[in-house]
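Novice: Before anything else, here's the structure in question.
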Amino acid sequence: MLEVRDIKKSFGDLEVLKGVDLKVDAGEVIAILGPSGSGKTTLLRCINFLETADAGTLHFDGETFDLAHVSKKDAARLRKKTGFVFQNYNLFRNKTALQNVMEGLVIARKVPKGEAEERARAALEKVGLADRCDYYPSQLSGGQQQRVAIARAMATEPELIYFDEPTSALDPELTGEVLSVMRELAAEGMTMVVVTHEMGFAREVSNRVIFMENGVVVEEGNSKEFFQHPKEERTRAFLRLFDEEE
Amino acid sequence: MIRFMNEELIRLLIDSFGRILLPGLTVTIPLTVIAFSFAMIIAVITAMIQFAHVKVLTQLARFYIWVVRGTPLLVQLFVVFYGLPNLGIVIDPFPAAVIVFSINEGAYCAEIMRAALESVPSGQMEAGYCVGMSYLQTMRRIVLPQAMRTAFPSLSNSLIAMVKDTSLAANITVVEMFMATRQIVAWSYQPLALYIEVGLIYLMFCTVLTKLQSIGEKKLSVYEKVGGK
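Chains as they are written, first to last, in the numbering used here: chain C, 1 to 246; chain Y, 1001 to 1229.
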């Protein structure tokens, strides 16, 4: 469904992505792991055109795009097929939870208001926030805000959803509620690309794991093999770090 | 004698109240409202041009703000009203005042709006993109409303300042409140009482605006309240 080839990105002298490939099939849940500064967030942002990559190609739904020269029109068209969940939620602060979810339907996709509201309410109910429709982001906890953000991403019925460290800004006790929503979404067959530090989530929910460091993919494999028999020494060292924590 | 003077003075003040207030309602307020509306349009466009770093236009916007903020309002009024006729451009006093006040206020408000736009976290724009909205859609529905909330107190401040600045239009023969007062002073020889009177009417106008400001702020800050409903 989605294939990225040889994506490169530098910020000034700092080479953040040194030629990364990524292939996503429909229905897959992919976890991207790696230490801070490994380029995993930048990878997601480049694929969704929030950053302009220096080089690389993107195949999506049978179309091919040069990541370094994507027109605004193509970028907007492709974004409509995907959802994006940010680390710090980025809910529209001047809109209620319901309006946050409706915005992409009514304004971007011209869905009639009545239908959009129905879909938005359904999405909010799914993430367990049916009773918070009329609350503004400032009136919601971090976990609730992130669940609204997930509802916002899935209400548009995207072909895949990107998650950029969705639980990193949350207290441990709020992490669970967000992860369980994501688990449900995965169980329903949603295609997901998740940058995360949650080893538990990666182990249980993802089909495939990509381990990145210093702008390259160090190891990639199905998640069972990845966690039970990591091939690279670097991967083993990284995983040991988390075993000690747990 | 003193008592007689006082009675006469009181009668003059009562009599002149209506004669000062009337041009206030028919000139000062329309001038302020019209010019501030144009100023806001200029400000939003100028601020958005700079916010989006549109080439050439950004330079033009900076030049405009530099010139307007660096020259006195009174000089600007004189250039347009007394100067432009040299080029064969003759503008009536009221429209001339509207033009100058719009352009002048626009430059100040543009800076307020630019700062307010820059204070909206970039994640808001990114989230707009990610739900499929275009730059302009996100700008109009998400970023500008939030910037407006931030800018509102400063803009109100500018509006209140402008109500009083319109008295400068008297210098280009616009018969607004201050000019009307001067005309009464000219035959009544009561400058102290009359200038205080017109000052109080300005104060009255500004008090209403201050009240409107606090109502507006309350309305705009709906989404900032923290805690349950």
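Glycine is no exception: its CB is placed at the ideal position from the N, C-alpha and C atoms.
Tell me, please, whether the CB atom of Ile-107 of chain C is closer than 9 Å to any CB atom in chain Y?
Specialist: Yes - at least one Cβ of chain Y is within 9 Å of the one on Ile-107 of chain C.
Novice: Mind listing the chain C neighbours of Gln-1137 of chain Y? Cutoff is C-beta to C-beta under 8 Å, in chain order.
Specialist: Neighbours of Gln-1137 of chain Y on chain C, chain order: Ile-107, Ala-108.
Novice: Starting from Arg-208 of chain C, follow the beta strand (DSSP E) in both directions and report where the run begins and ends.
Specialist: First-last of the beta strand (DSSP E) with Arg-208 of chain C: 208-213.
Novice: Is there contact between the region 32-44 of chain C and the region 207-214 of chain C, where contact requires at least three CB pairs shorter than 8 Å?
Specialist: Yes, the region 32-44 of chain C touches the region 207-214 of chain C.
Novice: Assuming Asp-1165 of chain Y contacts Leu-1073 of chain Y under a Cβ cut-off of 8 Å, what Cβ separation, rounded to an integer in Å, is found between them?
Specialist: The pair is a contact, with the Cβ atoms about 6 Å apart (cut-off 8 Å).
Novice: State buried or exposed for Asp-164 of chain C, treating a residue as buried only when at least 16 other CB atoms are found within 10 Å of its CB.
Specialist: Result: buried.
Novice: Is any non-hydrogen atom of the ligand GTP found closer than 8 Å to the C-beta of Tyr-135 of chain C, if you look at the structure I gave you?
Specialist: With respect to the ligand GTP, the structure shown offers nothing to examine, as it has no ligands at all.
Novice: In angstroms, rounded to a whole number, what distance separates the CA positions of Ala-1230 of chain Y and Ile-1142 of chain Y?
Specialist: Shown here, chain Y extends from 1001 to 1229; a query on residue 1230 of chain Y therefore has no answer.
Novice: Give me the Cα-Cα distance between Arg-79 of chain C and Phe-60 of chain C, rounded to the nearest whole angstrom.
Specialist: So the two alpha carbons sit approximately 11 Å from each other.
Novice: By the 8 Å beta-carbon criterion, what residues does the region 1112-1135 of chain Y contribute toward chain C?
Specialist: If the cut-off is 8 Å between Cβ atoms, the region 1112-1135 of chain Y has Pro-1121, Gly-1123, Gln-1124, Glu-1126, Ala-1127, Gly-1128, Tyr-1129, Cys-1130, Val-1131, Gly-1132, Met-1133, Ser-1134, Tyr-1135 near chain C.
Novice: Name, please, each residue of chain C whose Cβ falls closer than 8 Å to the Cβ of Pro-1145 of chain Y.
Specialist: Those within 8 Å of Pro-1145 of chain Y in chain C are Asn-94.
Novice: Whose CA, out of C:Met-154, C:Lys-81, C:Arg-121, C:Thr-167, lies closest to the CA of Glu-188 of chain C?
Specialist: Answer by Cα proximity: C:Met-154.
Novice: What residues in the region 33-50 of chain C bring their beta carbon closer than 8 Å to a beta carbon of chain Y?
Specialist: Within the region 33-50 of chain C, the residues whose Cβ lies closer than 8 Å to some Cβ of chain Y are Asn-48, Phe-49, Leu-50, listed in chain order.
Novice: I'd like the list of long-range same chain contacts for Phe-242 of chain C, defined as Cβ closer than 6 Å, with 5 residues on each side in sequence excluded.
Specialist: So the qualifying residues of the chain are Met-199.
Novice: Rounding to the nearest angstrom, what Cα-Cα distance links Asn-1157 of chain Y and Cys-1109 of chain Y in this structure?
Specialist: Taking the straight line joining both Cα atoms gives about 10 Å.
Novice: Between Val-193 of chain C and Tyr-162 of chain C, which are expected to be in contact by the criterion C-beta below 8 Å, what is the C-beta distance as a whole number of angstroms?
Specialist: Confirmed, about 5 Å.
Novice: Taking the continuous beta strand (DSSP E) assigned at Val-195 of chain C, which residues delimit it?
Specialist: Per DSSP, Val-195 of chain C belongs to the beta strand (DSSP E) from 191-195.
Novice: Can you tell me the Cα-Cα spacing of Asn-48 of chain C and Asn-1171 of chain Y, whole angstroms?
Specialist: Asn-48 of chain C and Asn-1171 of chain Y: Cα-Cα distance of roughly 58 Å.
Novice: Just to confirm, are Arg-234 of chain C and Glu-219 of chain C a CB contact at a threshold of 9 Å?
Specialist: Closer than 9 Å, so yes.
Novice: Could you tell me if Lys-269 of chain C is buried or exposed, where buried requires 16 or more neighbouring beta carbons within 10 angstroms of its beta carbon?
Specialist: Absent from the structure is residue 269 of chain C, since the part of chain C shown begins at 1 and ends at 246.
Novice: Is there a C-beta anywhere in chain Y that falls below 9 Å from the one on Pro-166 of chain C?
Specialist: No, because no Cβ of chain Y sits closer than 9 Å to the Cβ of Pro-166 of chain C.
Novice: At the level of alpha carbons, what is the spacing between Asn-1006 of chain Y and Ile-1099 of chain Y?
Specialist: Between Asn-1006 of chain Y and Ile-1099 of chain Y, the C-alpha separation is close to 42 Å.
Novice: If the cut-off is 9 Å on Cβ atoms, which residues from the region 1159-1185 of chain Y count as contacting chain C, listed in chain order?
Specialist: Cβ contacts with chain C come from no residue of the region 1159-1185 of chain Y.
Novice: Within this structure, are the beta carbons of Gln-1050 of chain Y and Arg-1149 of chain Y separated by less than 9 Å?
Specialist: Contact flag unset, no.
Novice: Given a cut-off of 9 Å, decide if Leu-98 of chain C and Asp-134 of chain C are closer than it, judged by their beta-carbon atoms.
Specialist: Yes, Cβ-Cβ distance for Asp-134 of chain C and Leu-98 of chain C is below 9 Å.
Novice: Using a C-beta cutoff of 9 Å, does Ser-138 of chain C count as contacting chain Y?
Specialist: For Ser-138 of chain C, the answer is yes, since a Cβ of chain Y falls inside 9 Å of its Cβ.
Novice: Return the chain-ordered ranges of every beta strand (DSSP E) run that is complete within the region 1024-1076 of chain Y and spans a minimum of 3 residues.
Specialist: DSSP runs (the beta strand (DSSP E)) wholly in the region 1024-1076 of chain Y: none.
Novice: Since Glu-159 of chain C contacts Lys-81 of chain C with CB under 8 Å, what's their CB separation in whole angstroms?
Specialist: Sure, about 5 Å apart at Cβ, within 8 Å.
Novice: Quick check on the DSSP output: the beta strand (DSSP E) that includes Leu-22 of chain C runs from which residue to which?
Specialist: Counting along the chain, the beta strand (DSSP E) containing Leu-22 of chain C begins and ends at 14-24.
Novice: Tell me, which residues are paired with Gly-83 of chain C by DSSP?
Specialist: According to DSSP, which records beta bridges pairwise, Gly-83 of chain C is partnered with C:Ile-161.
Novice: Is there a C-beta anywhere in chain Y that falls below 9 Å from the one on Lys-72 of chain C?
Specialist: Yes - at least one Cβ of chain Y is within 9 Å of the one on Lys-72 of chain C.
Novice: Which residue's Cα is closest to the Cα of Ile-1020 of chain Y: Y:Leu-1200, Y:Cys-1206, Y:Val-1208?
Specialist: The candidate whose alpha carbon is nearest that of Ile-1020 of chain Y is Y:Leu-1200.
Novice: Less than 9 Å between CB atoms is the rule here; does Glu-1224 of chain Y satisfy it with respect to chain C?
Specialist: Taking Cβ atoms only, chain C reaches closer than 9 Å to Glu-1224 of chain Y, which makes this a yes.
Novice: Can you confirm whether the region 1171-1190 of chain Y touches the region 1085-1100 of chain Y when touching is taken to mean that 3 or more C-beta pairs between the two stretches lie within less than 8 Å?
Specialist: A contact exists between the region 1085-1100 of chain Y and the region 1171-1190 of chain Y.
Novice: Name the chain C residues whose beta carbon is nearer than 9 Å to that of Ile-1142 of chain Y?
Specialist: Within chain C, the residues near Ile-1142 of chain Y are Phe-92, Arg-93, Asn-94, Lys-95, Glu-103.
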